[in-house]
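Peer 1: Structure below; questions to follow.
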Amino acid sequence: MAEIKKATGLIDWLDQRLAVNGFIRVMMTEYWIPKNINFLWAMGVVLMTLFMILIVSGIFLLMYYKPDIKLAFDSVNYTIMQEVEYGWLWRHMHGVAASAVFLVIYIHMFTGIYYGSYKKGREMIWLTGMALFGIFSAEAFSGYMLPWGQMSYWAAQVITNLFGGIPFIGEALVIWIRGDFLVADATLTRFFMLHVLLLPLVILLLIAVHFYSLRFPHVNNQDSETFDFDKEAKKYLEGRKKESKVVPFWPVFLSKDFFIVGIALTVFFYLVCFHYDFAMDPINFEPANNMKTPAHIYPEWYFLWSYEVLRGFFFDIGGIAAMDIGLAAFGFANVIFMLLPFLDRNTMHTAPAHKRPMFFVWFWLLLIDMIVLTVYGKLPPTGANAWVGFGATIVFLVLFVLLPIITKIEAKNEEGAES
Ligand code: HEM
3 MAEIKKATGL
13 IDWLDQRLAV
23 NGFIRVMMTE
33 YWIPKNINFL
43 WAMGVVLMTL
53 FMILIVSGIF
63 LLMYYKPDIK
73 LAFDSVNYTI
83 MQEVEYGWLW
93 RHMHGVAASA
103 VFLVIYIHMF
113 TGIYYGSYKK
123 GREMIWLTGM
133 ALFGIFSAEA
143 FSGYMLPWGQ
153 MSYWAAQVIT
163 NLFGGIPFIG
173 EALVIWIRGD
183 FLVADATLTR
193 FFMLHVLLLP
203 LVILLLIAVH
213 FYSLRFPHVN
223 NQDSETFDFD
233 KEAKKYLEGR
243 KKESKVVPFW
253 PVFLSKDFFI
263 VGIALTVFFY
273 LVCFHYDFAM
283 DPINFEPANN
293 MKTPAHIYPE
303 WYFLWSYEVL
313 RGFFFDIGGI
323 AAMDIGLAAF
333 GFANVIFMLL
343 PFLDRNTMHT
353 APAHKRPMFF
363 VWFWLLLIDM
373 IVLTVYGKLP
383 PTGANAWVGF
393 GATIVFLVLF
403 VLLPIITKIE
413 AKNEEGAES
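Each step along the sequence shown adds one to the number in this note's numbering, with nothing skipped, and position 111 is 113.
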């Protein structure tokens, strides 16, 4: 065993057993972040804060929530909202944070796309980020079921039904997921387990791997500049702080992040107290009724773009049912972002979109198209709406087919310019 000396204090005692000083140095005080970044690089820490709010508010809600189809609706809408002191506050915090987390995830994700932060060397950051997006989506969907209102029930009905479209195993899979032939009590209790235990554990693990995968390739910067972090860190440690291109994660980077987190929390509590309704669908204040289908079934705003891709093909093509084409397009939309590091064929050169003319146009077309899909995803899919949805779905699919081609041309042009 290593020699253990008499400890000079608690930190020294822990250091001799857990190497806490080494850990703090590697992950905090000597983890170097480029200086050339803006407020968009604070979104990761804002996400972390929102996730903490979701956990704390969720624990308070758990004290009164009842995962039983006969009791769930009243436990939320009556017990928590009206009987328990400040129950409404924890519920509004949980609902608003669930919506806000997706807004910030989209900002964080599109910042990564704009600055090419998914490219060579940073693939693992991107892949773990996209895995987080997937699990967060499952977490939001399972949480939406818990109040057992009309939208909870019918969204569960529609989404679990989607698995029925998978060839051969579809039907059996739907029954397996629901735990019954219908969306019923067994469905609610298993989604409750996923929402409060299994998925949050996976999220915690993925956040740790996401952070760890940032440690070696380092965070990108506004000019996507590549430089020697060790050399810049040496300058900083020697006191040439102005000359150095980096700052330590703690205390410099995080103290600036805390300022942005402060602004985000001010907006957050304003929404919680005065505009919480944007995160709650009025139809969900009616108890679930399997005999009464709502006129329009739609998901929360953050899933609308992919929901519209699912509905986009509203007519059969060449004997293939519209439903099957929609399902294939939906599957494509849900995995394609994950593949971004491999679809961008300009692998060697990382640059922000405004220095990549073709990619710049691609980026903005994608963003505008996803906003159009989101808007039309909430409207009834009839008449002109159905055609706009169809057009926007085609644009979405074509953009991803074009990406490898335009980035290959871009790489060739750059090679030509260099030689
Ligand atoms: C709860 C979820 C998440 C948390 C807590 C989180 C946290 C963070 C943090 C703290 C950073 C470093 C600083 C920054 O750029 O903000 C970061 C960077 C990054 N994250 Fe996430 N993230 C999450 C989800 C995602 C998602 C969904 C994606 C999309 C794929 C993603 C992709 C990235 C990328 C590409 C970077 C590197 C940025 C750069 O190098 O400039 N993250 N994340």
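Just so it is clear, CB atoms sit at the ideal spot from N, CA and C, and this is done for glycine as well.
Because the structure is a prediction, the values reported are computed rather than measured.
#1: Cα separation between I171 and N291?
#2: Could you tell me whether any non-hydrogen atom of the ligand ZN is closer than 7 Å to the CB of N222?
#3: Give the single residue among Y278, F305, A388, T352 whose Cα lies nearest to the Cα of G314.
#4: Could you please give the first and the last residue of the uninterrupted beta strand (DSSP E) stretch that includes W34?
#5: Measuring alpha carbon to alpha carbon, tell me which residue in A100, A102, I327 is nearest F392.
#6: Kindly list the residues whose CB is nearer than 7 Å to the CB of A353, restricted to its own chain and excluding five residues on each side of it in sequence; keep chain order.
#7: For a minimum of 3 consecutive residues, which ranges assigned as the beta strand (DSSP E) are wholly contained in the region 317-365?
#8: Exposed or buried, what is R27 when buried is set at 16 or more other beta-carbons lying within 10 Å of its beta-carbon?
#9: Measuring CA to CA, which of K236, I35, A9 is closest to F218?
#10: Would you grab the beta carbon distance between L49 and V106 for me? Rounded to a whole angstrom, and I think it's under 8 Å.
#11: Helix or strand or just coil, what does DSSP make of G151?
#12: Check whether the Cβ atoms of F365 and A355 lie closer than 8 Å to each other.
#13: If we ignore side chains and look at the alpha-carbon of each, how far apart do M147 and K233 end up?
#14: Can you say whether V221 is buried or exposed, counting buried as having 16 or more other CB atoms within 10 angstroms of its CB?
#15: Exposed or buried, what is S257 when buried is set at 16 or more other beta-carbons lying within 10 Å of its beta-carbon?
#16: For P289, does the three-state DSSP call read helix, strand or coil?
#17: Would you mind listing the beta strand (DSSP E) stretches within the region 217-257 that are 3+ residues and don't spill past its ends, in chain order?
#18: So what's K414 in DSSP terms, helix, strand or just coil?
#19: Ignore the nearest five residues each way along the sequence and tell me which others in I1's own chain have a CB closer than 8 Å to its CB.
Peer 2: This is what the structure holds:
#1: CA-to-CA, the gap between I171 and N291 works out to about 28 Å.
#2: In the structure shown, the ligand ZN is absent; the only ligands present are the ligand HEM.
#3: Of the listed residues, the one whose Cα sits closest to G314 is A388.
#4: Residues 34-36.
#5: Per the Cα distances, I327.
#6: Cβ neighbours of A353 beyond the five flanking positions: G118, S226.
#7: Correct list: empty.
#8: With fewer than 16 other Cβ atoms within 10 Å, it is exposed.
#9: Checked all of K236, I35, A9; the closest Cα to F218 is I35.
#10: Correct: roughly 5 Å between the Cβ atoms.
#11: Reduced to three states, the DSSP call for G151 is strand.
#12: Annotated as proximal: F365 and A355, with beta-carbon spacing under 8 Å.
#13: Taking the CA atoms as reference points, M147 sits about 52 Å from K233.
#14: Answer is buried; the Cβ neighbour count reaches 16.
#15: Residue environment analysis places S257 among the exposed positions, since fewer than 16 neighbouring C-beta atoms fall within 10 angstroms of its C-beta.
#16: Strand at P289.
#17: Listed in chain order, the complete beta strand (DSSP E) runs (minimum 3 residues) inside the region 217-257 are 248-250.
#18: Looking at K414 - three-state DSSP - the assignment turns out to be helix.
#19: Lying outside 3 to 421, the shown extent of the chain, residue 1 is not represented and no answer is given.
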